[in-house]
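Working notes, beginning with the structure itself.
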Amino acid sequence: MRFMTERIARDGRALDEQVLLVDSFLNHQIDMELMKQCGSAFAQHFKGKGITRVMTVESSGIAPAAMTALEMGLPLVVFKKKTSRITNGTVYQTVVQSFTKNVRYELTVAKRFLPEGEKILFIDDFLAMGEAAIGAGRIIREAGSEIAGIGIVIEKTFQPGRKRLEAEGYDVFSLARVQSMSADGIAFVEP
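Residues in the sequence shown are numbered from 7 upward in steps of one, following our numbering.
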């Protein structure tokens, strides 16, 4: 979507060919008007899919997911990256690898916030390898629910995330699709 590609072109910074810094509007300082536009775009795209709940992973996905949930009038559930000592089998968990931070973490959600039969819209800030969405999908299936769509704020098309998610049968919609990046600039896949 033009609003997101324009913002990335203006304020995003490629640290190298793999890492895009968008901390001035998405994940350190958050432009809430921009997140409202993201929520409206996701809600419009996934309208009519029977979505019953919006989910994301802490923390950078929370702002766009919250605006999407608000726009759709649905609850937002956040997967945690750390476990608590008080869980005692009351959670679903799976291990995923973070591309950006190069660490493994346990994706965790309380069972009471993911009941059986839900149709989930999963929102994430970036799509690189697809690990977060694939991990979320494992948990959602284990709970007896399904991912009805995946909304991505920024997709790096030169990495295999979309192919992996589409191979799993997921409907993936990205607001901005980065084709390549370097110190010289950022190139986008045109719609």
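We treat Cβ as the ideally placed atom computed from N, Cα and C, and that holds for glycine.
Quantities reported herein were computed from a predicted structural model and do not represent experimental measurements.
- Taking the Cβ atoms as the reference, V184 lies roughly 6 angstroms from I160, within the contact range of under 8 angstroms.
- Bounds of the alpha helix (DSSP H) holding G143 are 137–148.
- Inter-residue distance for D130 and T62 is about 6 angstroms (C-alpha atoms, whole angstroms).
- Listed as beta-bridge partners of Q165 by DSSP are no residues whatsoever.
- Cα atoms of I153 and F128: separation of roughly 7 angstroms, rounded to the nearest angstrom.
- In the DSSP assignment, T100 falls within the beta strand (DSSP E) that extends over 97–104.
- In the three-state scheme derived from DSSP, where H, G and I count as helix and E and B as strand, G45 is classed as helix.
- Around the Cβ of A15, a 10 Å sphere holds fewer than 16 other Cβ atoms; the residue is exposed.
- Looking at the DSSP output, M187 sits in a beta bridge with I192.
- The shortest C-alpha to C-alpha distance from M7 to any of P81, F48, R19 is the one to F48.
- About 15 angstroms separates the CB atoms of L113 and A71; that is not less than 8 angstroms, and the two are not in contact.
- In its chain, beyond the 5 residues on either side, K125 have a beta carbon closer than 6 angstroms to the beta carbon of G56.
- Just so you know, the alpha carbons of Q99 and G79 end up roughly 27 angstroms apart.
- Close CB contacts of D29 within its chain, under the 8 angstroms cut and outside five residues either way in sequence, are with Q35 (chain order).
- Taking 8 angstroms as the cut-off, the beta carbon of A20 is found no closer than this to the beta carbon of M135.
- Here DSSP, grouped into helix, strand and coil, assigns I153 to strand.
- Secondary structure at L113: strand, using DSSP grouped into helix, strand and coil.
- Of all alpha-carbon atoms in A182, F164, R170, the one lying nearest the alpha-carbon of E23 is that of F164.
- Counting along the chain, M61 sits inside the beta strand (DSSP E) bounded by residues 59–63.
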